[in-house]
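J.:
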């Protein structure tokens with residue numbers, strides 16, 4: 005898709021980013037066990053911290069925020085906490101462009117790999133990342149912070165069988 009712009013997010017974008025997340029999460033509401041995940045959303049503070057200390061990039065179409073990717077540091081490496089695109093802009097290349105952009109920024113900051121936790125079988129989750137070079141990590145490969153995130157999710161009631169932890173090594177040109 006042509007016609008979208010990627011840029012670093014600013015504090016003034018936070019309300020629009022929260023709306024993107026809310027609308028993107030609505031896609032999960034008809035997936036039974038995924039309802040619980042859709043109910044756990046980011047807070048303004050999470051996005052502020054992403055702007056100040058992490059990587060938070062967004063996509064715009066005609067000046068409207070239509071997607072974003074939020075990364076931070078986990079176990080000394082980049083970790084993709086969330087990527088969302090408005091449903092009406094899905095399957096248009098925006099998610100892929102956001103992913104590659106944050107991977108490039110992560111590599112520029114010296115991180116050698118990126119991890120993430122996602123839904124195993126939802127097409128725009130686990131299979132999407134696998135097609136972009138992410139591989140599943142076994143539990144013994146989780147660092148302490150990553151293991152704590154997984155444990156926290158399970159404590160919220162998210163079944164481990166629905167989730168997958170993945171990693172992509174970064175190359176000099178990006179992740």
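Numbering (my numbering), first residue to last: 5 to 179. The beta carbon of each residue, even a glycine, is placed where N, CA and C say it ideally should be.
1) Quick one: using the 10 Å Cβ neighbour count with 16 as the cut-off for buried, is residue 81 buried or exposed?
2) What is the DSSP secondary structure of residue 93, reduced to helix, strand or coil?
3) So if DSSP puts residue 72 in a beta bridge, which residue, or which two residues, is it bridged to?
4) Could you give the C-beta distance for residue 106 and residue 73, rounded to a whole number, given that I count them as a contact under 8 angstroms?
5) My output table needs one value for residue 78: the three-state DSSP class, helix, strand or coil.
6) Based on the DSSP secondary-structure assignment, which residues constitute the bridge partners of residue 24?
7) For residue 76, which of 113, 65, 94 and 21 has the nearest alpha-carbon?
8) Look at residue 51 and residue 87 and say whether their C-beta atoms are less than 8 angstroms apart.
9) So is residue 96 buried or exposed if we call it buried at 16+ other beta carbons inside 10 Å?
10) Give the single residue among 83, 100, 164 and 142 whose Cα lies nearest to the Cα of residue 10.
11) Alpha carbon to alpha carbon, how far is residue 124 from residue 172?
T.: Taking the geometry as given:
1) Around the CB of residue 81, 16 or more other CB atoms lie within 10 Å, so the residue is classed as buried.
2) Reduced to three states, the DSSP call for residue 93 is helix.
3) According to DSSP, which records beta bridges pairwise, residue 72 is partnered with 62 and 88.
4) Approximately 5 angstroms separates the beta-carbon atoms of residue 106 and residue 73; this is inside 8 angstroms, confirming the contact.
5) Three-state DSSP puts residue 78 in a strand.
6) Assignment of beta-bridge partners to residue 24 by DSSP yields no partner.
7) When each option's Cα is compared against that of residue 76, the closest is 113.
8) No Cβ-Cβ contact shorter than 8 angstroms links residue 51 with residue 87.
9) By the C-beta density criterion, residue 96 is buried, having at least 16 other C-beta atoms within 10 angstroms.
10) Residue 10 has its Cα closest to that of 100, out of 83, 100, 164 and 142.
11) Spanning the two alpha carbons is a distance of roughly 16 angstroms.
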